[in-house]
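Participant:
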Amino acid sequence: MSMGFDKETFKKSVLFNMKNVFRKTVDEATKEQMYQAVAYAVKDVIIDEWIATHKEYEKQDVKTLYYLSMEFLMGRALGNSIISFMAQPDVKDVLEELGFDLNAIEDQEPDPALGNGGLGRLAACFLDSLATLGYPAYGCGIRYRYGMFKQKIENGYQVEIPDDWLKNGYPFEIRRAEYATEVKFGGYVKVVRENGRERFVQEGYQSVLAVPYDMPIIGYGNNVVNTLRIWDAQAINTFSLDSFDKGDYQKAVEQENLAKTIVEVLYPNDNHYAGKELRLKQQYFFISASVQRAVKKYMENHDDIHKFYEKNVFQLNDTHPTVAVPELMRILLDDYGLSWEEAWEITTRTCAYTNHTIMSEALEKWPIELFSRLLPRIYQIVEEINRRFQLKISQMYPGNQDKVRKMAIVYDGQVRMANLAIVGGFSVNGVARLHTEILKNQELKDFYEMMPEKFNNKTNGITQRRFLLHGNPLLSEWVTKKIGNDWITNLPHIHRLAVYADDPKCQQEFMDIKYQNKVRLARYIKEHNGIEVDPRSIFDVQVKRLHEYKRQLMNILHVMYLYNQLKDNPNLDMVPRTFIFGAKAAAGYRRAKLTIKLINSVAEVINNDRSIGGKIKVVFIEDYKVSNAEIIFAAADVSEQISTASKEASGTGNMKFMLNGALTLGTMDGANVEIVEEVGAENAFIFGLSSDEVIRYERDGGYDPMEIFNNNYEIRRVLMQLINGYYSPQDPELFRDIYNSLLNTMSSDRADTYFILKDLPSYGEAQKRIDQAYRDESWWAKAAILNVASSGKFTSDRTILEYVRDIWHLEKVNVEL
Ligand code: 26Q
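Just so it is clear: in the sequence shown, position 695 is 747 by our numbering, and no numbers are missing.
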């Protein structure tokens, strides 16, 4: 149907690539070699579209989006690409003819994980939607040598293994040496006078060469192929033999090292700021390269730099790329000789900022000493931005030092990146309605009052192409059989499913598919964990990064409580439940890692206790990542979205579960609020404090968890089991820190900062409602179908259309072949 795909040509291409790359015939090939040959064949299919797309962009002189992000959590490309040019059945056939299974071949691809979690995966979903909708866009990021670490569980503990994703080469990328760019660090700024004007030049610096690699982003069935451009670092000068100057030699070695370390590894922190110098180097490295390139490209086809913003927009994915603001200023001032006013006008009309968190520990603040040493010219510009902004504050709020204190960009020896991003752009958005309201009314209140026109909401979304079409082929087929395949590019149409929600036959079909997907996950778990789980039990799933605010601890405490109930009464009437966890903890996050150990310790005890008749199983899935996520979402009955209200900006896993027909067990936080609004509170299980209540408690200095401890026997029993060796007989003190975190005020934190004990009773009630509800299979099937049918709002296509309408103002492009 599309994109010049021809089965025979494809087959020839696979054979050709096999010979050319590996000097082999297909029957001598390993699966890994087959994957590579197929991947190269896929590249052959899309390469003309890729070229044609960019020709068309140039011809139409389109406005271009640069989505600037430290993270792109792409997941595997092969299966998704094949789906995008709508040739999946044909490719499957071809491979079968050659004696291979497509799924097994897809499994050979390393899972490119250049991101931590939500923010990085959102960027990947956005790229998918931009290409599918036909909007001109680049993703700009870093080609980390090592992505998100691989997680092994050893003796219940997380062990981090380097993710050497490039070791066999990555067939989808193309090195673009012709666009290599120099990026400068350190040194000092010299002022030179030139025909009566001051010019600023950086001297005595070190530099690296940024070399871009391009990856294709394939639109679904529309011939559009956009580009993800990720930068690699290379040493700029090789040793010059005639230079015997000791300083030069030293510098050459340093630059060599700088290049090597700068792109070495993705920082595995999620929602947590660590003020590491190397991190700032990474930020400036990819931003300087991307911005320089964007300006150069623009000037190749235009002569007036003043109109730069008419053809370019930079979206900053959180504060991580915020040095784009002063970097663009630097280029306009120093390289193009514009006045401050001219440069500021262009910059603030080009940049826009997305906020992804209100957690104070995630706010980026750089010590002036570090910032100015590494980026001396950029720091001067930031100081001037700050000076002018403070002036503006004083004019608007005369004599109000409090306003200056709260909104200043440079203050207290630090550069505050969020403040710079807000001041340096024309748009500030949150990622779910509740989150944006909290930004406007609490966290960024002063900014909102000063510049309300900048603030807007863009509720996150996810791509149904990966998370339903690719991840859940059985349900996809069923949906298409019922309502046609429109939903693939127009998810709101999936609402047509609603009429089948009451139909007993459809309910049965739906539950059968869910069952088969549970069998698939059970097989995965057996293979990877060696644990036997019953696909007839309720699959109750919490998969996401491990963080205290996400409250995996509350989930496992509830499991401990349930287990106590079962031990008290082995005949307890309950529907068998499989509690499934998947989570990576930041390598330096002690308490998060201890929580993983706790989950695995509880699993060990419960899974081996024959006296409870297999009514509870606990599974910790090793190495949660995009590729196994697709299998997990498809198999879930219950979606655990249980963050402390006000803490989860949006969440996107919640949407992936909903799309796959799981029911949400959640707090009124982030996008859960909008999910419940779409599907109806009667088709979800909502519990816990509201965000207003949490914020009120926080203002009043918290609450007293000891009161709950003293008055609630069941909770007390569970907590005591943390410190009496019930789950760690060889080391009863093992979980003391977790116990303390819930009950004792520690140096800076309140006891139970995340209201786990406070919400635990109401969480337990909600869990009971689930147990009751699941017994009515017809009710459950109906609610699950209604969840699928109501997920239309949460496509990233909708999110992108809103960004285009309110912020980016891009034009759709048609690519004909
Ligand atoms: C910052 C400084 C130094 C090192 C690392 C970091 C860092 C890295 C990653 C800070 C934050 C992140 C990631 C944040 C993140 O993933 N936020 C999530 O974004 C999702 C998409 O908008 C939301 O759905 C989630 O609610 C939000 O937690």
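All C-beta atoms in this analysis are idealised placements derived from N, C-alpha and C, irrespective of residue type, glycine included.
State buried or exposed for isoleucine 213, treating a residue as buried only when at least 16 other CB atoms are found within 10 Å of its CB.
Facilitator: So isoleucine 213 counts as exposed.
Participant: What are the start and end residues of the beta strand (DSSP E) that includes valine 467?
Facilitator: Here the beta strand (DSSP E) through valine 467 covers 466 to 468.
Participant: Taking only the alpha-carbon atoms, compute the straight-line gap between threonine 184 and tryptophan 217 and give it to the nearest angstrom.
Facilitator: Roughly 27 angstroms separates the two Cα atoms.
Participant: Would you check whether ligand 1 has a heavy atom nearer than 8 angstroms to the C-beta of lysine 328?
Facilitator: For ligand 1, at least one heavy atom lies less than 8 angstroms from the Cβ of lysine 328.
Participant: Which residue or residues does DSSP assign as beta-bridge partners of arginine 249?
Facilitator: DSSP, once it has assigned bridges, lists Glu246 as partnering arginine 249.
Participant: Give the DSSP bridge partners of glutamate 212, in chain order.
Facilitator: Looking at the DSSP assignment, glutamate 212 forms a beta bridge with Gln203.
Participant: I want to know whether the segment 110 to 128 touches the segment 327 to 339 - three or more CB-CB distances under 8 angstroms.
Facilitator: Taking 8 angstroms as the limit for Cβ pairs, the verdict is that the segment 327 to 339 does touch the segment 110 to 128.
Participant: Compute every distance between the C-beta of threonine 929 and the non-hydrogen atoms of ligand 1, then say whether any falls below 8 angstroms.
Facilitator: What is shown of the chain runs 53 to 869, which leaves residue 929 out entirely.
Participant: Nearest to serine 679 by CA position, among Leu573, Glu745, Met612, Glu80, is which residue?
Facilitator: If we check each option's Cα against that of serine 679, Leu573 comes out closest.
Participant: On the DSSP bridge list, what partners appear for proline 264?
Facilitator: The partner list for proline 264 (beta bridge, DSSP) reads Trp283.
Participant: Quick check: the Cα distance between alanine 346 and tyrosine 361, rounded to an integer number of angstroms?
Facilitator: The straight-line gap from Cα to Cα measures roughly 11 angstroms.
Participant: Round the Cβ separation of phenylalanine 519 and glutamate 682 to the nearest angstrom and send it over; I've been treating them as touching at under 8 angstroms.
Facilitator: Yes, phenylalanine 519 and glutamate 682 are in contact; Cβ-Cβ is about 7 angstroms, under 8 angstroms.
Participant: Counting along the chain, where does the beta strand (DSSP E) carrying phenylalanine 237 start and finish?
Facilitator: First-last of the beta strand (DSSP E) with phenylalanine 237: 233 to 237.
Participant: Residues in the same chain with beta-carbon distance under 6 angstroms from alanine 638, minus the five sequence neighbours each way, listed in chain order, please.
Facilitator: Only Pro320, Asn321 meet the Cβ criterion.
Participant: Here's the rule I'm using: 16 or more other beta-carbon atoms within 10 Å means buried, otherwise exposed. How should threonine 61 be labelled?
Facilitator: Its Cβ having fewer than 16 others within 10 Å, threonine 61 is exposed.
Participant: Could you check what DSSP says for threonine 116 in three-state terms: helix, strand or coil?
Facilitator: Strand.
Participant: Let me check you understand the geometry: is the CB of threonine 704 closer than 8 angstroms to at least one non-hydrogen atom of ligand 1?
Facilitator: Correct: threonine 704 has its Cβ closer than 8 angstroms to ligand 1.
Participant: Please classify serine 54: does DSSP put it in a helix, a strand, or coil?
Facilitator: With a pLDDT of only 49 at serine 54, under 50, the local geometry of the prediction cannot be trusted, and the value read off the model is given with reservation. If DSSP states are grouped into helix, strand and coil, serine 54 belongs with coil.
Participant: What separation, rounded to the nearest whole angstrom, lies between the Cα atoms of isoleucine 194 and isoleucine 514?
Facilitator: Distance between the alpha carbons of isoleucine 194 and isoleucine 514 is about 22 angstroms.
Participant: Over what stretch of residues does the beta strand (DSSP E) that includes threonine 630 continue unbroken?
Facilitator: Its beta strand (DSSP E) spans residues 629 to 634.
Participant: Going by DSSP, what residues sit across from arginine 227 in a beta bridge?
Facilitator: In DSSP, arginine 227 forms a bridge with Tyr265.
Participant: Alpha carbon to alpha carbon, how far is glutamate 306 from arginine 485? Give it in angstroms, no decimals.
Facilitator: The straight-line gap from Cα to Cα measures roughly 48 angstroms.
Participant: Give me, in chain order, the residues of the same chain whose beta-carbon lies closer than 6 angstroms to that of tyrosine 405; leave out the 5 immediate sequence neighbours on both sides.
Facilitator: So the qualifying residues of the chain are Leu368, Ala473, Gly477, Val480.
Participant: Give the straight-line distance between the Cα atoms of asparagine 652 and leucine 646, rounded to the nearest whole angstrom.
Facilitator: Spanning the two alpha carbons is a distance of roughly 10 angstroms.
Participant: Could you check where the alpha helix (DSSP H) with glutamate 397 kicks off and where it finishes?
Facilitator: Glutamate 397 -> alpha helix (DSSP H) spans 392 to 402.
Participant: For glutamate 674 and phenylalanine 591, what's the separation of their Cα atoms in angstroms?
Facilitator: Roughly 17 angstroms separates the two Cα atoms.
Participant: Mapping the DSSP letters down to three states, classify serine 691 as helix, strand or coil.
Facilitator: It is a strand residue.
Participant: Taking just the CA atoms, how far does glycine 816 sit from cysteine 403?
Facilitator: Their backbone Cα atoms lie some 46 angstroms apart in a straight line.
Participant: To the nearest angstrom, how far is the alpha carbon of phenylalanine 68 from that of glutamate 255?
Facilitator: Roughly 51 angstroms separates the two Cα atoms.
Participant: What residue range is occupied by the uninterrupted beta strand (DSSP E) comprising tyrosine 190?
Facilitator: Tyrosine 190 -> beta strand (DSSP E) spans 189 to 194.
Participant: Threonine 851 and lysine 510: beta carbons closer than 9 angstroms?
Facilitator: Cβ atoms of threonine 851 and lysine 510: closer than 9 angstroms.
Participant: Would you check if the segment 310 to 329 and the segment 594 to 603 touch, i.e. whether three or more CB-CB distances between them fall below 8 angstroms?
Facilitator: At 8 angstroms Cβ cutoff, the stretches touch.
Participant: Count Cβ pairs between the segment 102 to 116 and the segment 851 to 867 that sit closer than 8 angstroms; are there 3 or more?
Facilitator: Yes: the two stretches touch, three or more of their Cβ pairs being nearer than 8 angstroms.
Participant: Report buried or exposed for leucine 130, applying the criterion of at least 16 other Cβ atoms within 10 angstroms of its Cβ.
Facilitator: Its Cβ being crowded by 16 or more others within 10 Å, leucine 130 is buried.
Participant: When DSSP labels each residue in this structure, what does glycine 170 get in the three-state scheme?
Facilitator: Helix at glycine 170.
Participant: For alanine 89 and phenylalanine 74, I'd like the C-alpha separation in whole angstroms.
Facilitator: Using only the alpha carbons, I get a separation of about 9 angstroms.
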